[in-house]
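Mind the numbering: the sequence shown is residues 557 to 885 in our numbering, read in order. Glycine residues also receive a C-beta, built at the ideal position from the N, C-alpha and C atoms.
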Amino acid sequence: MPLDRFHREINYLRISITDRCNLRCTYCMPLDGLRFAPTEEMLSAREIALVVRAAVDAGFRRFRLTGGEPTLRRDLVEIVREIKSVPGVGELAMTTNALLLPGLAPELAAAGLDRVNIHLDTLDEARLRQVMRFSDLNKVWAGIMAAEAAGLLPIKLNSVIVRGMNDEDVVELARLTIERAWHLRFIELMPLGGGECARYSRDKYVSNGVTRARIEAALGPLTALSNQHPSDESRNFRLPAARGVVGFISPVSEPFCGTCNRMRLTATGKFHLCLLNDDELDVRRCLREDGDLGRIRAVLLAAVGQKPSGHALARGVSSEIQSMYHLGG
Ligand code: SAM
Ligand code: SF4
557 MPLDRFHREI
567 NYLRISITDR
577 CNLRCTYCMP
587 LDGLRFAPTE
597 EMLSAREIAL
607 VVRAAVDAGF
617 RRFRLTGGEP
627 TLRRDLVEIV
637 REIKSVPGVG
647 ELAMTTNALL
657 LPGLAPELAA
667 AGLDRVNIHL
677 DTLDEARLRQ
687 VMRFSDLNKV
697 WAGIMAAEAA
707 GLLPIKLNSV
717 IVRGMNDEDV
727 VELARLTIER
737 AWHLRFIELM
747 PLGGGECARY
757 SRDKYVSNGV
767 TRARIEAALG
777 PLTALSNQHP
787 SDESRNFRLP
797 AARGVVGFIS
807 PVSEPFCGTC
817 NRMRLTATGK
827 FHLCLLNDDE
837 LDVRRCLRED
847 GDLGRIRAVL
857 LAAVGQKPSG
867 HALARGVSSE
877 IQSMYHLGG
């Protein structure tokens with residue numbers, strides 16, 4: 557298992573497979589001025605699988621597909637199949653806005669995808685359109701049902717909380733966990749994206765302390781779960797008599813850099829060392845020159861070796877940090 561300079565075990569690779577998206581969530585993508593990478597710069601299914609092979613050799617076990625919106629890749633099922641055919645790969649999950657999941661979930665499960673995290677910020681149709689702009693509650697719900705029917709479990713829902721938009725909807729979201737064995741995770745808004753997006757995020761931030769108090773006032777006390785894994789970014793709780801889990805991911809109020817176990821691969825083949833730091837190491841060149849596993853592994857281990865110790869969101873990071881859709885959220 558690779559250790560970084562700060563003795564953290566880095567064993568989890570998040571793989572962005574596209575920077576494109578069929579939504580324009582307000583805190584992630586502006587409506588104008590977007591620049592996407594040319595298709596020929598994106599890693600192919602075979603190239604992604606080679607990186608995964610090198611990562612397994614280096615001790616990585618967990619993998620996640622993300623983006624942009626990963627379901628926009630036409631070869632998504634092939635990507636999943638290729639990754640899962642690498643000996644030693646453990647869990648493969650995917651983060652998605654679920655709009656295209658109804659048609660894809662059975663095939664993805666058959667190809668070996670283990671589970672999905674679905675992005676849904678509110679159960680109110682009008683506010684959903686305000687915060688996630690072009691999302692559609694019926695379609696997302698159909699996506700969740702399709703994922704559940706296909707056995708992509710446990711279902712985890714991610715909600716980014718935005719002041720004045722969906723901050724009061726956290727109660728209805730958390731309520732879902734009473735009847736269903738889903739995980740509802742509340743994510744603090746991060747000032748990413750540069751310019752407009754970052755300024756917007758700073759003004760619209762709500763701490764998870766406030767979100768938790770709102771949920772407890774309406775639905776009763778949250779009890780901490782004892783089986784918390786140290787590198788799980790989410791602090792997990794249960795409502796009284798609930799089947800599911802309420803989680804809080806608090807990168808701003810409680811940064812989890814000390815237990816960070818992840819590395820990111822961008823859609824164009826760069827290892828991105830930390831979400832809140834723009835340093836990257838290119839691996840596409842090795843992939844396209846000779847695809848030598850030893851060279852790819854060396855770049856990955858160099859990236860692990862250079863991972864920074866922490867970020868400074870609470871103190872205010874540069875507003876030029878890239879968006880989640882570039883980095884793979
Ligand atoms: N499109 C997929 C989705 O939305 O789940 C996968 C990629 S998206 C970049 C991954 C996650 O990033 C989303 O679930 C959303 O919660 C999160 N995200 C994007 N921008 C964010 C921001 N400014 N602050 C906090 N979370 C953000
Ligand atoms: Fe697309 Fe996900 Fe970003 Fe929303 S958060 S714009 S769904 S990449």
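(request) Pick helix, strand or coil for Leu621, following the three-state DSSP scheme. (result) As a first step, residue 621 is located in the sequence shown; it is residue number 65 there, counting from the start. Strand.
(message) Do Arg685 and Cys581 count as a contact pair if the criterion is CB distance below 8 angstroms?
(response) Along the sequence shown, one-based indexing puts residue 581 at 25. Along the sequence shown, one-based indexing puts residue 685 at 129. Contact: no.
(request) State the Cα-Cα distance for the pair Pro747 and Leu669, rounded to the nearest angstrom. (result) Sequence index remark: in the sequence shown, residue 747 carries index 191 (1-based). Sequence index remark: in the sequence shown, residue 669 carries index 113 (1-based). C-alpha of Pro747 to C-alpha of Leu669: approximately 31 angstroms in a straight line.
(request) Could you name the residues whose beta carbon sits closer than 7 angstroms to any heavy atom belonging to the ligand SF4, keeping them in chain order? (result) Matched residues: Cys577, Leu579, Arg580, Cys581, Cys584, Met585, Gly623, Gly624, Glu625, Asn653, His675, Met688, Met880, Tyr881 and Gly885.
(request) Could you tell me how far apart the beta carbons of Glu565 and Asn817 are, in whole angstroms, since I believe they sit closer than 8 angstroms? (result) The sequence position of residue 565 within the sequence shown is 9, counting from 1. The sequence position of residue 817 within the sequence shown is 261, counting from 1. Confirmed, about 6 angstroms.
(request) With Arg820 as the anchor, note down where its beta strand (DSSP E) starts and where it stops. (result) For this step, residue 820 is matched to residue 264 along the sequence shown. First-last of the beta strand (DSSP E) with Arg820: Arg818 to Leu821.
(request) Please confirm whether Phe619 and Ile639 have their CB atoms less than 8 angstroms apart. (result) Residue 619 sits at position 63 when you count from the first residue of the sequence shown. Residue 639 sits at position 83 when you count from the first residue of the sequence shown. Yes, they are a contact pair.
(request) Report the residue ranges of all alpha helix (DSSP H) runs contained in full by the region 643 to 716; include only those spanning at least 4 residues, in chain order. (result) Taken in chain order, the unbroken stretches of alpha helix (DSSP H) that lie wholly in the region 643 to 716 and span 4 residues or more are 657 to 667, 681 to 687 and 693 to 705.
(request) Work out the CA separation of Glu836 and His828 for me, nearest whole Å. (result) If you number the sequence shown from 1, residue 828 lands on position 272. If you number the sequence shown from 1, residue 836 lands on position 280. Whole-angstrom Cα-Cα distance: 5 angstroms.
(message) Suppose the cutoff is 7 angstroms on Cβ atoms and the five residues either side in sequence are ignored; what does the same chain contact list for Ala611 look like?
(response) Residue 611 sits at position 55 when you count from the first residue of the sequence shown. Sequence-distant Cβ neighbours of Ala611 in its own chain, meaning closer than 7 angstroms and more than five residues away, are Leu569 and Leu856.
(request) Pick helix, strand or coil for Arg770, following the three-state DSSP scheme. (result) Translated into positions along the sequence shown, residue 770 becomes position 214. If DSSP states are grouped into helix, strand and coil, Arg770 belongs with the helices.
(request) Specify the secondary structure class of Lys863 as computed by DSSP and reduced to three states. (result) Reading the sequence shown from its first residue, position 307 is the one you call residue 863. Coil.
(request) Would you mind stating whether Arg719 and Val687 have Cβ atoms separated by less than 8 angstroms? (result) As a working note, residue 719 is residue 163 in the sequence shown. As a working note, residue 687 is residue 131 in the sequence shown. No, these two residues do not count as a Cβ contact at 8 angstroms.
(request) Would you check if the region 669 to 680 and the region 720 to 737 touch, i.e. whether three or more CB-CB distances between them fall below 8 angstroms? (result) At 8 angstroms Cβ cutoff, the stretches touch.
(request) Tell me whether Met746 counts as near the ligand SAM, meaning its Cβ is closer than 7 angstroms to at least one heavy atom of that ligand. (result) Counted from its first residue, the sequence shown places residue 746 at position 190. Yes, the ligand SAM has a heavy atom inside 7 angstroms of this Cβ.
(request) Could you spell out the range, first to last residue, of the alpha helix (DSSP H) harbouring Val612? (result) Reading the sequence shown from its first residue, position 56 is the one you call residue 612. Element bounds for Val612: Ala601 to Asp613.
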